[in-house]
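J.: Each protein sequence line maps, in turn, to chains A and B.
Under the UniProt record's numbering, the first residue of the first sequence is numbered 1, with each subsequent residue one higher.
Under the UniProt record's numbering, the first residue of the second sequence is numbered 1, with each subsequent residue one higher.
Even for Gly, the Cβ is constructed at its ideal location relative to N, Cα and C.
Just so we're clear, the structure is a prediction, and the values are computed from it rather than from any experiment.
Pasting in a structure now, in structure tokens, and then I'll have a few things to ask.
2 protein chains.
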Amino acid sequence: MSLANLRTHYTTQIDPGKIGDDKVALAGWVHEVRDLGGICFVVLRDRQGRAQVTLVKKKIDRELFNFARKLIRESVISVRGIIKPEEKAPNGYELIPDEIELLNEAESPLPLDTTGKVDAELDTRLDSRFIDLRRSRTNAIFRIRHEVLHAVRNYLAKEGFLETSSPKVVATATEGGTALFPITYFDREAFLNQSPQLFKQILMSGGMDRVFEIGPIFRAEEHDTRRHLNEATSIDIEASFVDHFDVMEILENMVEYVYTRVIENVPDALEVLGIELKVPKTPFLKLTYQEAIEIVNSHGEEELKWGDDLSTLSEHTIGEHVFQETGEEHYFIIDWPTEIKPFYAMPYEEKPEFSKSFDMMHRTMELSSGAQRIHFPEMLKNRIADQGLDPEGFDFYLRAFSYGMPPHSGWGLGCERFVMTMLGVENIRDVVLFPRDRRRLSP
Amino acid sequence: MSLANLRTHYTTQIDPGKIGDDKVALAGWVHEVRDLGGICFVVLRDRQGRAQVTLVKKKIDRELFNFARKLIRESVISVRGIIKPEEKAPNGYELIPDEIELLNEAESPLPLDTTGKVDAELDTRLDSRFIDLRRSRTNAIFRIRHEVLHAVRNYLAKEGFLETSSPKVVATATEGGTALFPITYFDREAFLNQSPQLFKQILMSGGMDRVFEIGPIFRAEEHDTRRHLNEATSIDIEASFVDHFDVMEILENMVEYVYTRVIENVPDALEVLGIELKVPKTPFLKLTYQEAIEIVNSHGEEELKWGDDLSTLSEHTIGEHVFQETGEEHYFIIDWPTEIKPFYAMPYEEKPEFSKSFDMMHRTMELSSGAQRIHFPEMLKNRIADQGLDPEGFDFYLRAFSYGMPPHSGWGLGCERFVMTMLGVENIRDVVLFPRDRRRLSP
Numbered sequence: 001m002s003l004a005n006l007r008t009h010y011t012t013q014i015d016p017g018k019i020g021d022d023k024v025a026l027a028g029w030v031h032e033v034r035d036l037g038g039i040c041f042v043v044l045r046d047r048q049g050r051a052q053v054t055l056v057k058k059k060i061d062r063e064l065f066n067f068a069r070k071l072i073r074e075s076v077i078s079v080r081g082i083i084k085p086e087e088k089a090p091n092g093y094e095l096i097p098d099e100i101e102l103l104n105e106a107e108s109p110l111p112l113d114t115t116g117k118v119d120a121e122l123d124t125r126l127d128s129r130f131i132d133l134r135r136s137r138t139n140a141i142f143r144i145r146h147e148v149l150h151a152v153r154n155y156l157a158k159e160g161f162l163e164t165s166s167p168k169v170v171a172t173a174t175e176g177g178t179a180l181f182p183i184t185y186f187d188r189e190a191f192l193n194q195s196p197q198l199f200k201q202i203l204m205s206g207g208m209d210r211v212f213e214i215g216p217i218f219r220a221e222e223h224d225t226r227r228h229l230n231e232a233t234s235i236d237i238e239a240s241f242v243d244h245f246d247v248m249e250i251l252e253n254m255v256e257y258v259y260t261r262v263i264e265n266v267p268d269a270l271e272v273l274g275i276e277l278k279v280p281k282t283p284f285l286k287l288t289y290q291e292a293i294e295i296v297n298s299h300g301e302e303e304l305k306w307g308d309d310l311s312t313l314s315e316h317t318i319g320e321h322v323f324q325e326t327g328e329e330h331y332f333i334i335d336w337p338t339e340i341k342p343f344y345a346m347p348y349e350e351k352p353e354f355s356k357s358f359d360m361m362h363r364t365m366e367l368s369s370g371a372q373r374i375h376f377p378e379m380l381k382n383r384i385a386d387q388g389l390d391p392e393g394f395d396f397y398l399r400a401f402s403y404g405m406p407p408h409s410g411w412g413l414g415c416e417r418f419v420m421t422m423l424g425v426e427n428i429r430d431v432v433l434f435p436r437d438r439r440r441l442s443p
Numbered sequence: 001m002s003l004a005n006l007r008t009h010y011t012t013q014i015d016p017g018k019i020g021d022d023k024v025a026l027a028g029w030v031h032e033v034r035d036l037g038g039i040c041f042v043v044l045r046d047r048q049g050r051a052q053v054t055l056v057k058k059k060i061d062r063e064l065f066n067f068a069r070k071l072i073r074e075s076v077i078s079v080r081g082i083i084k085p086e087e088k089a090p091n092g093y094e095l096i097p098d099e100i101e102l103l104n105e106a107e108s109p110l111p112l113d114t115t116g117k118v119d120a121e122l123d124t125r126l127d128s129r130f131i132d133l134r135r136s137r138t139n140a141i142f143r144i145r146h147e148v149l150h151a152v153r154n155y156l157a158k159e160g161f162l163e164t165s166s167p168k169v170v171a172t173a174t175e176g177g178t179a180l181f182p183i184t185y186f187d188r189e190a191f192l193n194q195s196p197q198l199f200k201q202i203l204m205s206g207g208m209d210r211v212f213e214i215g216p217i218f219r220a221e222e223h224d225t226r227r228h229l230n231e232a233t234s235i236d237i238e239a240s241f242v243d244h245f246d247v248m249e250i251l252e253n254m255v256e257y258v259y260t261r262v263i264e265n266v267p268d269a270l271e272v273l274g275i276e277l278k279v280p281k282t283p284f285l286k287l288t289y290q291e292a293i294e295i296v297n298s299h300g301e302e303e304l305k306w307g308d309d310l311s312t313l314s315e316h317t318i319g320e321h322v323f324q325e326t327g328e329e330h331y332f333i334i335d336w337p338t339e340i341k342p343f344y345a346m347p348y349e350e351k352p353e354f355s356k357s358f359d360m361m362h363r364t365m366e367l368s369s370g371a372q373r374i375h376f377p378e379m380l381k382n383r384i385a386d387q388g389l390d391p392e393g394f395d396f397y398l399r400a401f402s403y404g405m406p407p408h409s410g411w412g413l414g415c416e417r418f419v420m421t422m423l424g425v426e427n428i429r430d431v432v433l434f435p436r437d438r439r440r441l442s443p
């Protein structure tokens with residue numbers, strides 16, 4: 001079998017008014033066969049959309065007609081023929097076939113419905129992700145995810161950030177506080193890294209100035225929620241000679257840029273999901289931590305005191321409050337207590353109990369955390385010890401601070417949360433091709 | 001300390017003919033201090049280049065002059081002042097300072113020389129990567145690596161490939177034949193994935209049509225060579241309705257595109273490395289496996305018979321032969337014996353002992369492997385069993401073939417090898433920020 005010319009166009013690439021009598025070939029899946037006796041319609045589906053293949057019994061080779069009628073749903077075919085304009089068909093045309101090649105026949109029944117008519121449980125869909133991806137909603141989510149990543153990278157490259165990779169296999173627990181997955185690394189114990197944090201900071205000492213990394217992070221936490229995974233994708237940046245306000249500006253402008261690109265470049269995918277995306281207005285509102293807990297306390301459902309972390313419930317209270325006041329879904333919470341932020345967050349000089357740190361919030365959840373970092377080696381060593389960690393385990397990191405570490409700031413943004421909040425998706429597993437959680441390790 | 005305006009320009013962004021009397025601020029590292037008594041030069045280095053800060057004793061504040069003379073090498077400074085054209089200085093200007101701010105002082109002596117005057121062992125450089133990155137050669141390599149990744153992604157996106165991520169934590173050894181790192185995943189045993197292969201194929205059944213992934217792969221092999229690592233970055237694509245020749249064309253065109261972009265966008269980094277990069281000419285030469293072993297045998301150093309894999313020595317023999325004949329460094333070896341390729345490689349219909357597979361070679365080493373894949377479930381199951389693997393362990397993968405898997409092809413390209421052959425770098429550890437091998441797990 002030669003694969004040459006199995007496909008000349010995607011279904012959405014044909015202009016019925018212009019194509020004339022040129023032969024075209026479409027390739028994809030048998031989405032539906034409607035056999036009306038004298039006429040048979042085969043709906044072919046590819047990544048971009050659908051096309052109607054029309055066979056009129058009287059006008060077409062008998063063998064071809066009978067072949068088409070018996071096609072099994074979700075089999076893979078290539079259809080060659082000519083295009084006729086047809087307003088009622090998808091994309092405004094029908095394909096009159098000369099030839100239908102069956103490339104691979106599907107078994108039946110299918111483990112999952114692909115038309116979207118029958119709802120399926122998330123677990124069933126994830127077990128048969130290969131079928132789930134053929135549903136137009138799932139397909140749309142992952143086309144948008146591609147666009148998000150493409151826009152993020154283009155934005156950051158344009159702003160002078162260099163793409164880097166940090167190791168995923170590391171010798172020591174990096175930040176403390178998070179459970180890690182142990183690995184047997186030859187004859188030693190090692191761990192899967194929870195974050196590129198310490199490595200991207202080392203690169204600042206290396207003079208790389210502005211770096212980003214988009215890659216997997218691993219956390220061995222036993223949570224079972226709709227917004228946590230044990231393997232996730234983190235978008236991380238670090239930049240020298242700038243403070244936390246500068247990197248907040250980079251972050252909000254990036255969010256604005258990405259939303260704009262998604263609206264421009266994949267409007268059809270948004271339409272499938274029934275979403276009218278609105279570009280967030282920059283600059284985002286900045287609440288101090290103090291203001292944030294006051295909002296929570298004024299709503300009376302919880303009573304927070306200074307130094308408490310925000311619960312999921314309080315994040316919701318604040319998010320709704322901000323949305324009611326401003327009509328916007330994104331905002332920052334800044335100036336967090338130093339003691340509840342990681343050891344590398346820089347305290348304010350005049351009030352060291354506050355740190356130069358921030359979270360970027362969506363109405364429904366936290367999306368990103370960042371800060372200006374401590375760049376003075378002694379201060380950093382003390383902060384590590386203060387948090388009950390052993391500075392010796394951080395030797396590979398601390399050395400980078402003693403020979404010329406510039407002031408620097410950065411953030412990490414959860415890629416999945418960014419996509420799920422953009423699309424209003426309820427469960428994080430819906431925006432990951434093959435999610436990993438406490439129970440799921442396959443496919 | 002406010003970080004506002006620590007830097008207005010990179011050293012290479014100033015046009016001395018145009019800037020006039022505008023105040024500028026540069027920020028970076030003290031590369032060198034040359035104190036000639038009546039005049040003192042401080043060379044400031046940032047990511048992009050160097051600038052000369054000139055202090056004439058008679059014309060400048062005495063305190064500032066003395067401060068500058070005593071700056072310790074590799075300390076971090078911000079210098080504010082005005083620009084004077086000066087042909088003999090780097091980038092054609094000198095900076096006459098009003099103010100020098102010491103942002104972080106370096107300890108001395110340094111663990112490594114940064115001027116490039118003193119050669120250091122690779123291990124010493126990797127132990128102090130944060131200093132090594134300040135050397136112009138190392139800096140140039142990672143600026144080029146960024147450009148390579150950026151060009152790869154732009155090329156593939158332009159060709160309709162969607163970016164995807166596969167899980168790094170997996171339940172079963174995927175391809176067989178390679179040692180894997182075991183992980184304790186909660187109460188279960190799991191492994192670090194050696195390749196996105198099986199997952200990207202599943203996405204073809206999902207109708208994603210064309211996908212790519214750039215991410216880490218993990219192999220627990222105990223090799224200790226200059227071209228293997230235990231954690232590496234793989235550039236992977238998979239495409240539906242195309243054969244191995246189609247994806248070879250995508251690969252060679254991508255290589256051509258990336259070389260072109262590197263030459264256009266980072267000529268200064270190439271100059272630092274002393275490289276005159278030549279864009280490989282497409283299409284690349286295609287040798288059959290049969291022709292390849294005949295070349296080896298005709299050179300008399302080894303005697304290969306059909307079914308033997310190519311040794312490192314034979315790869316060199318063929319690479320030199322091709323280079324002598326064509327003047328080109330890249331070529332394909334196609335039509336490999338089915339038995340020495342992975343189970344998923346499609347055999348030719350008429351001569352099933354040959355497979356529709358290829359390797360893309362550089363004169364000095366293998367860069368990429370690819371093939372048309374088997375898309376028929378029964379054939380695939382038999383091939384898995386033939387190779388002594390248990391089809392049951394592949395159930396999550398095989399299911400995707402029974403309900404409409406299109407014909408498809410793809411390849412994986414080693415990112416590090418691609419960069420090292422482009423730049424003539426001898427050791428793969430030189431193109432990875434924090435390499436992982438049998439002995440090295442830190443930094």
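#1: Confirm, please, whether the CB-CB distance from proline 391 of chain B to alanine 400 of chain B is below 8 Å.
#2: Does DSSP put tyrosine 348 of chain A in a helix, a strand or coil?
#3: Taking any Cβ of chain B, which residues in the region 389-405 of chain A have a Cβ under 9 Å from it, in chain order?
#4: Measuring only between beta-carbons, confirm whether proline 443 of chain A sits less than 8 Å from chain B.
#5: Output needed for methionine 346 of chain B: all residues of its chain with C-beta closer than 7 Å, excluding positions within five of it in sequence on either side, in chain order.
#6: Are the region 45-55 of chain B and the region 94-104 of chain B touching, with three or more C-beta to C-beta distances below 8 Å?
#7: Sort out for me which residues DSSP pairs valine 80 of chain A with in a bridge.
#8: For methionine 248 of chain A, does the three-state DSSP call read helix, strand or coil?
#9: With a CB to CB cut of under 8 Å and the five nearest residues on each side skipped, what residues in its chain are close to alanine 68 of chain B?
#10: Relative to the C-alpha of serine 205 of chain B, which candidate in A/Glu378, A/Asp61, A/Leu192, A/Ser128 has its C-alpha closest?
#11: Hey, could you find the ends of the alpha helix (DSSP H) alanine 140 of chain B is sitting in?
#12: Terminal residues of the continuous alpha helix (DSSP H) containing arginine 210 of chain A?
#13: Under a CB-based cut-off of 8 Å, is alanine 27 of chain B close to chain A?
#14: With 16 other CB atoms within 10 Å as the buried threshold, where does asparagine 193 of chain B fall?
#15: When burial is assigned at 16 or more other CB atoms within 10 Å of the CB, is isoleucine 428 of chain B buried or exposed?
#16: Any C-beta of chain B sitting closer than 8 Å to the C-beta of leucine 423 of chain A?
#17: Run through chain B and tell me which residues come within less than 9 Å of asparagine 139 of chain A, C-beta to C-beta.
#18: Just the C-alpha distance for valine 211 of chain A and glutamate 74 of chain B, rounded to the nearest angstrom, thanks.
#19: Assuming phenylalanine 434 of chain B and phenylalanine 218 of chain A are in contact, meaning their beta carbons sit under 8 Å apart, how far apart are those beta carbons, in whole angstroms?
#20: In chain order, what residues of the same chain lie with their CB nearer than 7 Å to the CB of serine 165 of chain B, ignoring the 5 residues before and after it?
#21: Whole angstroms is fine: what's the gap from serine 78 of chain B's alpha carbon to leucine 112 of chain B's?
#22: Within 8 Å (strictly less), CB to CB, does threonine 338 of chain B reach chain A?
#23: Quick check: what's the CA-CA separation for lysine 23 of chain B versus aspartate 15 of chain B?
#24: Please list, in chain order, the chain B residues whose beta carbon lies closer than 8 Å to that of glutamate 107 of chain A.
#25: For the region 155-173 of chain B, enumerate the residues whose C-beta is nearer than 9 Å to any C-beta of chain A, in chain order.
#26: According to DSSP, is threonine 288 of chain A helix, strand or coil?
#27: Using 8 Å as the limit for Cβ to Cβ distance, is aspartate 113 of chain A near chain B?
#28: Suppose you measure from the CA of methionine 167 of chain A to the CA of isoleucine 141 of chain A; what does that come to, to the nearest Å?
#29: Are the Cβ atoms of threonine 11 of chain B and asparagine 91 of chain B separated by less than 8 Å?
#30: Check the Cβ-Cβ distances between residue 449 of chain B and every residue of chain A, and say whether any is below 8 Å.
#31: Verify the CB distance criterion: does glycine 412 of chain B have a CB-CB separation below 8 Å to chain A?
#32: Whole-angstrom Cβ separation of isoleucine 235 of chain A and valine 247 of chain A, contact assumed at under 8 Å?
#33: With 8 Å as the threshold, decide whether the Cβ of proline 182 of chain A is near any Cβ in chain B.
#34: Pairs of beta-carbons, one from the region 355-369 of chain B and one from the region 332-340 of chain B, closer than 8 Å: are there three or more?
#35: Quick one: is tryptophan 29 of chain A buried, meaning 16 or more other Cβ sit within 10 Å of its Cβ, or exposed?
#36: I'd like to know whether the C-beta of residue 464 of chain A is nearer than 8 Å to at least one C-beta of chain B.
T.: Quick look at the numbers:
#1: no
#2: coil
#3: Asp395, Phe396, Tyr397, Arg399, Ala400, Phe401, Ser402, Tyr403, Gly404, Met405
#4: yes
#5: Ser355, Lys356, Ala371, Gln372, Arg373, Ile374
#6: yes
#7: Here the sequence assigns arginine to residue 80 of chain A, which means valine is not the residue at that position. Paired residue(s): A/Ala25, A/Glu99.
#8: helix
#9: Val33, Cys40, Val42, Val53, Leu55, Pro97, Ile100
#10: A/Ser128
#11: 136-158
#12: Per DSSP, arginine 210 of chain A belongs to no alpha helix (DSSP H); it is in the beta strand (DSSP E), 210-218.
#13: yes
#14: buried
#15: buried
#16: no
#17: Gly206, Gly207, Met208
#18: 20 Å
#19: In fact, because the Cβ distance is near 16 Å, the residues do not count as touching under 8 Å.
#20: Glu213, Gly215
#21: 23 Å
#22: no
#23: 13 Å
#24: Ser402, Tyr403
#25: Ala157, Gly160, Phe161, Leu162, Glu163, Thr164, Ser165, Ser166, Pro167, Lys168, Val169, Val170, Ala171, Thr172
#26: strand
#27: no
#28: Note on identity: in this sequence residue 167 of chain A is proline, with methionine being the wrong assignment. Answer to the nearest angstrom: the Cα atoms are 29 Å apart.
#29: yes
#30: In the structure as shown, chain B begins at 1 and stops at 443. Residue 449 of chain B is therefore absent and cannot be evaluated.
#31: no
#32: With 8 Å as the limit, isoleucine 235 of chain A and valine 247 of chain A do not qualify as a contact, their Cβ atoms being about 13 Å apart.
#33: yes
#34: yes
#35: buried
#36: Because chain A is modelled from 1 through 443, residue 464 of chain A falls outside the range shown and cannot be assessed.
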